[in-house]
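In my numbering, the protein residues as written are 6 to 362.
Every residue gets a Cβ at the ideal spot worked out from N, C-alpha and C, and that includes glycine.
Predicted model, so just to flag it, every value in this text is computed and none were measured.
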Amino acid sequence: MFKMISSPHTHSNNLTVNFMLWVIAAMLPALFVQWYFFGYGVLIQIALAVSLAIIIEIAVAKLRQKPTAFYVEDMSGILTAFILAMAIPPYSPYWIIIVGMIVALLLAKHVYGGLGQNLFNPAMIGYALLLVSFPVQMTAWLPPAALLSEPPTLADSFALIFQGITTDGFTIHQLIQSVDGISSATVLDGSKNAMTSIKDSTYRAMLFDDLLEKVFFGGWGQMNLAFLFGGLVLIYKRIIHWQIPMAMLSTFAIFSLLHDLFLSENSDAIWAMPLHLFSGAMMFGAFFIATDPVSASITPKGKLIFGALVGLLVYLIRYLGNYPDGVAFAVLLANICVPLIDHYTQPRLYGTQLGRK
6 MFKMISSPHT HSNNLTVNFM LWVIAAMLPA LFVQWYFFGY GVLIQIALAV SLAIIIEIAV
66 AKLRQKPTAF YVEDMSGILT AFILAMAIPP YSPYWIIIVG MIVALLLAKH VYGGLGQNLF
126 NPAMIGYALL LVSFPVQMTA WLPPAALLSE PPTLADSFAL IFQGITTDGF TIHQLIQSVD
186 GISSATVLDG SKNAMTSIKD STYRAMLFDD LLEKVFFGGW GQMNLAFLFG GLVLIYKRII
246 HWQIPMAMLS TFAIFSLLHD LFLSENSDAI WAMPLHLFSG AMMFGAFFIA TDPVSASITP
306 KGKLIFGALV GLLVYLIRYL GNYPDGVAFA VLLANICVPL IDHYTQPRLY GTQLGRK
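The following block contains the structure:
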């Protein structure tokens, strides 16, 4: 008998390219929203990441004595570039995306043998290393452009990324500090601060009102809704399956709601669950990161277990841990469990009895 191994079992370049192109296309609405609310930085980061992805893939093909287009045509490196570039703060220094792409493609993908052999999601390996190694740069998110007196122009965006200072002489941290503390804090940072540090009920309620407004009118909610829309398109086109996103989101929502109702001492905690669902990388992670066909579970039951595990880990990290988001770490920890999950959730072969091979 043949043993079941991790996906993909067989694939052609055409099938792989179609998959990658559909995923990239489904991310474009969220990319437009991120550009609209947070400026040109994300477009520059994507251009850098894609360029570097092509260079790395060609270099690896040369080193492994493969045709130059062997690793480029499947578009997997370019998809990794899109995911990583949209996950980091738009105005991170240029070397952040360079380090992240080198780690993602070389250490998390090609060291294992290339597409189909990697154990972990390459983009999330790169993101996690960046977050742990460079926390200051990786948490420097500008408030939405509408809150800034002088939003960065295209020239300012290039200057911030490559020189660390705008054409007017402002650093990224000066731009962040130009907005009041409530408005400049990210939604997840503000929510965690409200739940753990703020005792004054009036100020806490005001902060939650501001966070709700920021989610649904300040870019974060629109970006998550765009990822949700793109993910539903992928499910409709059968590019991804529904089990992982549904299990991840529902598990997180259930545990989050139970925590807010029964474990939180703050009466305003009931607002935390919808804030969490439509902020940070929740929808991005559910539809575009956790559903990676190589590093995620491949069996029908295994997909449900894998998605539920990711949702539970995101809940534990966001509510009980130090990191405000935690999607990247949750996906990577769940990736470790995939071989075990797939082993015990293999569907019974037609004509065989349970318990027999």
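- In the DSSP annotation of this structure, the continuous segment of the alpha helix (DSSP H) that includes glutamate 62 starts and ends at 46-68.
- The continuous stretches of alpha helix (DSSP H) do not include glutamine 122, and DSSP gives it neither H nor E.
- If you look at glutamine 351, you'll find it isn't in any alpha helix (DSSP H); DSSP assigns it neither H nor E.
- The three-state secondary structure of arginine 323, taken from DSSP, is helix.
- Annotation for phenylalanine 234: Pro34 place their beta carbon closer than 7 Å to its own, counting only its chain and skipping 5 residues before and after.
- For the set Ala74, Ile88 and Glu78, the Cα lying nearest the Cα of alanine 291 is the one of Ile88.
- The three-state secondary structure of proline 94, taken from DSSP, is coil.
- Here alanine 231 has Pro34, Ala35 and Val38 as same chain residues with Cβ atoms under 7 Å from its own Cβ, once five neighbours each way along the sequence are excluded.
- Going by C-alpha positions, isoleucine 61 is about 8 Å away from leucine 111.
- DSSP, reduced to helix, strand and coil, places aspartate 265 within a helical segment of the structure shown.
- With a threshold of 16 other beta carbon atoms within 10 Å, histidine 281 meets it and is buried.
- Following the DSSP letters along the chain, one finds isoleucine 103 inside the alpha helix (DSSP H) bounded by residues 99-107.
- For alanine 301 against valine 332, the beta-carbon gap comes to about 14 Å, at or over 8 Å, which does not count as contact.
- The Cβ atoms of methionine 91 and methionine 32 lie closer than 8 Å to each other.
- For alanine 164, the CB contacts under 7 Å within the same chain, skipping 5 residues up- and downstream, are Ile170, Thr171 and Thr172 in chain order.
- Between alanine 277 and aspartate 265, the C-beta gap is smaller than 8 Å, which places the two residues in contact.
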